[in-house]
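A.B. asks: One structure, as structure tokens, below. Some questions next.
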Ligand code: RIB
Ligand code: CA
């Protein structure tokens with residue numbers, strides 16, 4: 004039986020790599036991809052997602068337009084890292100057009116796909132959580148129908164990559180992150196910012212990985228030139244408490260969703276998001292003291308099997 008996935012993305016470079024891992028996984032069926040504002044505008048996310056599907060010859064997978072801005076916060080993008088277009092600013096003159104985007108709105112599609120596949124869908128969220136927050140408002144029983152939720156977002160030691168104490172996805176739509184961590188009581192796995200930095204791979208692996216002579220490897224090499232340069236700079240590493248290695252944040256949550264034996268160390272703890280803090284808004288709060296009396300605990304990923312992870316990355320470019 005294939006694992007049924009729905010991906011909620013803000014296709015940027017690491018989302019693109021995550022989608023490619025999912026497409027290459029033999030035991031996975033992607034029911035659909037819902038797009039959100041985030042790394043770039045929703046329109047660019049839609050175009051970028053279609054470009055990824057085109058290079059993987061999978062334009063059959065439905066792509067839906069979700070929310071174009073956060074619930075309350077002002078829009079914020081990450082063009083300094085992902086490029087103005089969100090995919091490294093290397094436009095493709097033959098890119099697929101937006102006419103391929105489904106008519107149905109992304110949040111409606113999310114609710115319907117989960118309704119039609121009750122108990123079978125693993126939802127992978129690698130964008131700000133606006134679509135998921137609106138979906139649970141539309142169908143409050145949605146989380147009960149989910150098999151599992153994997154999130155790339157938040158932080159475990161208040162390290163920020165966007166504000167002093169905030170990771171991008173949880174800062175861009177803090178209210179949505181709060182709603183999701185409150186209302187999604189299905190098995191929830193979180194790949195935090197620090198976790199992705201601490202499970203990075205050597206750049207030598209990255210270079211060998213993209214040296215293979217395939218269109219997929221060439222595509223990733225092309226779109227990731229800008230972000231790789233950024234990631235290697237000492238200033239970026241210092242400012243973002245990022246590690247020195249190669250770590251495409253979204254690929255960890257996706258890879259774990261495809262094969263949860265990848266996770267070799269984790270802890271279960273109730274979590275929430277700070278909404279008010281002058282310096283801490285968007286920070287993920289881990290309630291080890293259990294003062295919040297939350298029954299639902301999230302699985303905080305700590306370590307992954309890097310050899311298995313490399314295998315999944317290699318398969319993604321073949
Ligand atoms: O903080 C990293 C996250 O923000 C990733 O999902 C990346 O794609 C950006 O959206
Ligand atoms: Ca993302």
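Numbering (my numbering), first residue to last: 4 to 321. No residue lacks a Cβ here, since even glycine has one placed at the ideal position from N, Cα and C. Note that the structure is a prediction, hence the values are computed from the model and not measured.
#1: Under three-state DSSP, which class holds residue 115?
#2: Ligand 1 and residue 258: does the residue's C-beta get closer than 7 angstroms to at least one heavy atom of that ligand?
#3: By Cβ distance, which residues of its chain are closer than 8 angstroms to residue 252, with the 5 residues on each side in sequence left out?
#4: For residue 219, does the count of other Cβ atoms within 10 angstroms reach 16, so buried, or fall short, so exposed?
#5: What are the uninterrupted segments assigned as alpha helix (DSSP H) that are 4 or more residues long and contained completely in the region 110-198, given in chain order?
#6: Would residue 161 be called buried (16 or more neighbouring beta carbons within 10 Å of its own) or exposed?
#7: By the 10 Å Cβ neighbour count, where 16 or more other Cβ atoms means buried, how is residue 264 classified, buried or exposed?
#8: Using CA coordinates, which residue listed in 30, 230 and 134 is at the minimum distance from residue 74?
#9: Would you check if the region 304-315 and the region 199-218 touch, i.e. whether three or more CB-CB distances between them fall below 8 angstroms?
#10: Is residue 170 near ligand 1, with its Cβ less than 7 angstroms from a heavy atom?
#11: So residue 93 is in the beta strand (DSSP E); what residue range does that whole segment cover?
#12: Within 10 angstroms of its Cβ, does residue 116 collect 16 or more other Cβ (buried), or is it exposed?
#13: Could you check what DSSP says for residue 252 in three-state terms: helix, strand or coil?
#14: Regarding residue 91 and ligand 2, is the C-beta to nearest heavy atom distance less than 7 angstroms?
#15: For the beta strand (DSSP E) containing residue 34, name the first residue and the last one.
#16: Quick check: what's the CA-CA separation for residue 165 versus residue 143?
#17: Could you work out which residue in 132, 167 and 102 is closest to residue 153 when comparing CA atoms only?
#18: For residue 270, does the three-state DSSP call read helix, strand or coil?
#19: Hey, residue 217 and residue 321: beta-carbon distance below 8 angstroms or not?
#20: Between residue 334 and residue 11, is the Cβ-Cβ spacing less than 8 angstroms?
#21: Whose C-alpha, out of 224, 4, 272 and 291, is nearest the C-alpha of residue 90?
C.D. replies: Taking the coordinates as given:
#1: helix
#2: Because no heavy atom of ligand 1 lies under 7 angstroms away, the Cβ of residue 258 does not count as near it: no.
#3: Cβ neighbours of residue 252 beyond the five flanking positions: 17, 129, 155, 194, 196 and 199.
#4: Buried: at least 16 other Cβ atoms inside 10 Å.
#5: 133-141, 145-148, 171-175 and 177-186
#6: buried
#7: exposed
#8: 134
#9: Cβ pair count under 8 angstroms is three or more, so yes.
#10: With a cutoff of 7 angstroms, residue 170 counts as near ligand 1, since its C-beta is closer than that to a heavy atom of the ligand.
#11: Per DSSP, residue 93 belongs to no beta strand (DSSP E) and is neither H nor E.
#12: buried
#13: helix
#14: no
#15: 31-38
#16: 31 angstroms
#17: 132
#18: strand
#19: With respect to the 8 angstroms criterion, residue 217 and residue 321 are classified as neighbours on the basis of their beta carbons.
#20: Residue 334 lies beyond the residue range present for the chain, which begins at 4 and ends at 321; the question has no answer from this structure.
#21: Taking only the C-alpha atoms, the option nearest residue 90 is 224.
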